[in-house]
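Okay, structure first, notes after.
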Amino acid sequence: MKYTYLPKQDPEVFAMVGGEARREMEGLELIPSENYVSKAVLEALGTLFTNKYAEGTPGRRYYGGQTFTDQVESLAIERAKALFGADHANVQPLSGAAANLIAFSSWMDVGDTVLAMDLSHGGHLTHGAPVTFAAKAFRFIRYGMKDISTGVIDYGQLEAMAMEHRPKIILAGFSAYPRELDYDRFLLIAQKVGAMAMADMAHVAGLIAAGSLANPLKHGFHVMTTTTHKTLRGPRGAMILSRGKVGNPLKAPERTLENLPTLIDRAVFPGLQGGPHMHQIAAIAVALKEAGTPEFKAYGQQVVKNAKAMAARLKHHGCQLVTGGTDNHLILLNAVASFNKNGAELQDLLESAGITTNKNAIPDDTLPPFRPSGLRLGTPAATSRGMKEPQMEQIADWIAALGRGEAGPEKIRDDVRTLCLKFPSPSGLAEPV
Ligand code: DSN
Numbered sequence: 002m003k004y005t006y007l008p009k010q011d012p013e014v015f016a017m018v019g020g021e022a023r024r025e026m027e028g029l030e031l032i033p034s035e036n037y038v039s040k041a042v043l044e045a046l047g048t049l050f051t052n053k054y055a056e057g058t059p060g061r062r063y064y065g066g067q068t069f070t071d072q073v074e075s076l077a078i079e080r081a082k083a084l085f086g087a088d089h090a091n092v093q094p095l096s097g098a099a100a101n102l103i104a105f106s107s108w109m110d111v112g113d114t115v116l117a118m119d120l121s122h123g124g125h126l127t128h129g130a131p132v133t134f135a136a137k138a139f140r141f142i143r144y145g146m147k148d149i150s151t152g153v154i155d156y157g158q159l160e161a162m163a164m165e166h167r168p169k170i171i172l173a174g175f176s177a178y179p180r181e182l183d184y185d186r187f188l189l190i191a192q193k194v195g196a197m198a199m200a201d202m203a204h205v206a207g208l209i210a211a212g213s214l215a216n217p218l219k220h221g222f223h224v225m226t227t228t229t230h231k232t233l234r235g236p237r238g239a240m241i242l243s244r245g246k247v248g249n250p251l252k253a254p255e256r257t258l259e260n261l262p263t264l265i266d267r268a269v270f271p272g273l274q275g276g277p278h279m280h281q282i283a284a285i286a287v288a289l290k291e292a293g294t295p296e297f298k299a300y301g302q303q304v305v306k307n308a309k310a311m312a313a314r315l316k317h318h319g320c321q322l323v324t325g326g327t328d329n330h331l332i333l334l335n336a337v338a339s340f341n342k343n344g345a346e347l348q349d350l351l352e353s354a355g356i357t358t359n360k361n362a363i364p365d366d367t368l369p370p371f372r373p374s375g376l377r378l379g380t381p382a383a384t385s386r387g388m389k390e391p392q393m394e395q396i397a398d399w400i401a402a403l404g405r406g407e408a409g410p411e412k413i414r415d416d417v418r419t420l421c422l423k424f425p426s427p428s429g430l431a432e433p434v
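So for the sequence shown, our numbering puts the first residue at 2; every next one is plus one.
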């Protein structure tokens, strides 16, 4: 990426942009929720659409001057619907936390109940962790894994809790769970108690688009939220996809599953947001076009193959993985059991060797969140650089050698840099013209 004005006008910020570009180019990114956007997505993000207010939906805006905002948002919506087989898409949520709160508020009143995954079993903060506003507004109850050694969800417990508490929403989704979910089981339970079936697919939306994981909407789920910047490889942002009939968002509809698209549009604006970020929506449109290509399908398959290869090699080195392996893009390593280090210590050690990861709780963790027992690893970003199974095995060898103290971070940092320079980041560097 070439910059003409920034280096001259604000060299301080430009130096920071350059530092981040070099960090991304020379280091290995293994945080499972991160990725590299294409140069086309980056260009769309830097467009004049950032100048425009566009409250409302295409064709029904509150301000004038919407010819091109209407076009670009409609394109993003149509591409999202086609990619995920949805009846409706709202592409305005600013990010994942907003998308989840909007989906909750479209279907529930204050005090209503949600049945969601336990945070330490892989659920997400925005699924009602006690520190969130959502937890003040709604009542969250928790399901978890039946058997942590395999990762299978306790569907019997889930059903019993649903029957007892009659939740308005049953939420399937996670940010640290390495296995596939049984969406048919979720849906049957939701139907039994008259709940809305909602999936938060932020982590795996790209894998769903690529066909490497199941699509909850195709299994009959009513709503699916996702961020756009993880495996989907777009800009930061989010979408809410749903089934149902699109109505006039200017009129409050009855709260029925059929009316979900309109309920969601109204919950976005004026419910919880103001003007959408139109430059972000333009970049989402570009990313959604990329996600519909055969190259992206191959990418999604390779992300999973790479995660399996890395998991197998870590196990070969005696590492302990939560659920014993992975079906998706992420691995949850028990750092204490593997290397007698907590997740924070291992994260810092790997970072000093140029490998970026994040500390993470493991199921029923006895350590606190700032120095938990686990470490999360993921392959979406490394796969975007074109790395395959041999590189994943090499990375696992480095992690094991560092963890056991058999190699120093300085030496491995050089090897990491050499590998990364052979597989350049698709986003490119920041250079002045
Ligand atoms: N921060 C993202 C993750 O890492 O899972 C989602 O919140």
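Cβ atoms here follow ideal geometry from the backbone N, Cα and C, with glycine treated the same way. Because the structure is a prediction, the values reported are computed rather than measured.
CB of residue i within 8 Å of CB of residue j, strictly
i	j	result
residue 176	residue 123	yes
residue 94	residue 240	yes
residue 436	residue 310	The structure shown does not extend to residue 436, since the chain is modelled only from 2 through 434, so no value can be given for it.
residue 432	residue 6	no
residue 196	residue 170	yes
residue 179	residue 403	no
residue 397	residue 318	yes
residue 313	residue 375	no
residue 22	residue 430	yes
residue 77	residue 289	yes
residue 232	residue 201	no
residue 199	residue 159	no
residue 259	residue 245	yes
residue 325	residue 151	yes
residue 340	residue 211	no
residue 410	residue 345	no
residue 368	residue 103	no
residue 61	residue 251	yes
residue 268	residue 96	no
residue 53	residue 428	no
Rounded separation between residue i and residue j - CA only
i	j	result
residue 55	residue 28	38 Å
residue 323	residue 68	51 Å
residue 386	residue 144	37 Å
residue 33	residue 357	10 Å
residue 186	residue 203	20 Å
residue 279	residue 74	8 Å
residue 57	residue 270	7 Å
residue 163	residue 242	24 Å
residue 205	residue 406	33 Å
residue 129	residue 189	23 Å
residue 135	residue 141	9 Å
residue 450	residue 219	Within the shown structure, residues of the chain are numbered from 2 to 434, placing residue 450 beyond reach of any answer.
residue 364	residue 422	37 Å
residue 83	residue 412	48 Å
residue 9	residue 217	49 Å
residue 165	residue 417	52 Å
residue 328	residue 99	28 Å
residue 120	residue 133	13 Å
residue 426	residue 415	17 Å
residue 138	residue 109	10 Å
residue 118	residue 13	43 Å
residue 50	residue 351	39 Å
residue 42	residue 35	15 Å
residue 392	residue 275	45 Å
residue 400	residue 281	36 Å
residue 215	residue 181	8 Å
residue 302	residue 213	6 Å
residue 315	residue 224	36 Å
residue 331	residue 366	18 Å
Residue(s) in a DSSP beta bridge with residue i
i	result
residue 153	148
residue 4	433
residue 270	Per DSSP, none; premise fails for residue 270.
residue 48	Answer is none; residue 48 lacks a bridge partner.
residue 143	117
residue 334	322, 376
residue 243	89, 224
residue 58	61
residue 357	30
residue 66	For residue 66, which the question treats as bridged, DSSP gives no partner whatsoever.
residue 173	200
Assumed close pair residue i, residue j - CB separation to whole angstroms, cut-off 8 Å
i	j	result
residue 263	residue 247	7 Å
residue 308	residue 380	5 Å
residue 389	residue 373	Incorrect: roughly 30 Å between the Cβ atoms, too far for contact.
residue 257	residue 168	Between residue 168 and residue 257 the Cβ distance is about 17 Å, and since that is not below 8 Å, they are no contact.
Distance cut-off 7 Å: residue i Cβ against heavy atoms of ligand 2
i	result
residue 129	Absence of ligand 2 is noted for the structure shown, with ligand 1 being the only ligands found.
Can you pull every residue whose C-beta falls closer than 5 Å to some heavy atom of ligand 1, listed in chain order? Taking a cut-off of 5 Å from the heavy atoms of ligand 1, the residues with a C-beta inside it are 34, 176.
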